Amino acid sequence: MRSDSRISAGTLLIAGVTGFLASFILTIDKFKVLKDAGFTPSCNINASLNCKSVMLSEQAEVFGFPNSLIGIATFAIMIALSVAMFLQVEFPKLFWQLLVLGTSLAVVFCHWLAFQTIFEIGALCPYCMVAWVATLLVLSVGLRELLQKRNELTTDESEKVAIKTIAKWMLPLHILWATLLVGAAFLGV
Numbered sequence: 001m002r003s004d005s006r007i008s009a010g011t012l013l014i015a016g017v018t019g020f021l022a023s024f025i026l027t028i029d030k031f032k033v034l035k036d037a038g039f040t041p042s043c044n045i046n047a048s049l050n051c052k053s054v055m056l057s058e059q060a061e062v063f064g065f066p067n068s069l070i071g072i073a074t075f076a077i078m079i080a081l082s083v084a085m086f087l088q089v090e091f092p093k094l095f096w097q098l099l100v101l102g103t104s105l106a107v108v109f110c111h112w113l114a115f116q117t118i119f120e121i122g123a124l125c126p127y128c129m130v131a132w133v134a135t136l137l138v139l140s141v142g143l144r145e146l147l148q149k150r151n152e153l154t155t156d157e158s159e160k161v162a163i164k165t166i167a168k169w170m171l172p173l174h175i176l177w178a179t180l181l182v183g184a185a186f187l188g189v
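So this is what it looks like as structure tokens:
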């Protein structure tokens, strides 16, 4: 297994597990809030870090059911994908292209949700922020794997050098992006 594939698989596993756990806890807390209006979710810390405010908003159910259910499903798939990567299953370029397309849409959705929590709801949900960061990490892995597929197909040495340089900086740049997203959320509330 290539060392960069191990990094991608490990990153995907971390993103999948943390995103799944955050989504799972959010879903359980949502059901508890619906059952008992006096229930205080574990992520209610103060007025600014308040999952309950976010949970009870219309933005928390954009498609008519809790958004966190989408996270449970998709992050479970990412965990399975990371295991397959560790087992050295090769996925075709089209698979990675579709993963990047889907994850790009998810990142746009996360940014919309971030905007909504900051400027419309006025409270932040720590578990939601974990899911946002995990989604960015999944995008980073997908882009990195696409770059690797391109690198395998090209014979141009300058293109190979460019691809390796981009791939090397992909994860750190996405971590910076995630940090800025969460930091902006804190500054906005």
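Start counting the sequence shown at 1; every next residue gets the next number (the UniProt record's numbering). We treat Cβ as the ideally placed atom computed from N, Cα and C, and that holds for glycine. Remember, predicted model here, so these are calculated numbers, not experimental data.
C-beta contact flag for residue i and residue j at 7 Å
| i | j | result |
| --- | --- | --- |
| Ile118 | Val54 | no |
| Ser23 | Ile72 | yes |
| Ala131 | Ala185 | no |
| Pro66 | Thr27 | yes |
| Leu99 | Gly38 | no |
| Thr135 | Val107 | yes |
| Ala9 | Val138 | no |
| Gln97 | Gln59 | no |
| Leu173 | Ile163 | no |
| Ser82 | Leu13 | yes |
| Pro126 | Leu21 | no |
| Leu105 | Ser140 | no |
| Val182 | Met129 | yes |
With 16 other Cβ atoms within 10 Å as the buried cut-off, status of residue i
| i | result |
| --- | --- |
| Thr40 | exposed |
| Arg6 | exposed |
| Thr154 | exposed |
| Pro92 | exposed |
| Gln88 | exposed |
| Ile45 | exposed |
| Ser68 | buried |
| Lys30 | buried |
| Ala123 | buried |
| Ala178 | buried |
| Ala167 | buried |
Simplified DSSP state of residue i, which is helix, strand or coil
| i | result |
| --- | --- |
| Leu94 | helix |
| Thr165 | helix |
| Asn151 | helix |
| Val138 | helix |
| Leu105 | helix |
Span of the alpha helix (DSSP H), counted from its first residue to its last, around residue i
| i | result |
| --- | --- |
| Asn67 | Asn67 to Phe86 |
| Ala15 | Ser3 to Lys35 |
Bridge partners - residue i, DSSP secondary structure assignment
| i | result |
| --- | --- |
| Leu124 | Leu49 |
CB contact check: residue i to chain C, cutoff 7 Å
| i | result |
| --- | --- |
| Leu12 | In the displayed structure, chain C is absent; only one protein chain is listed. |
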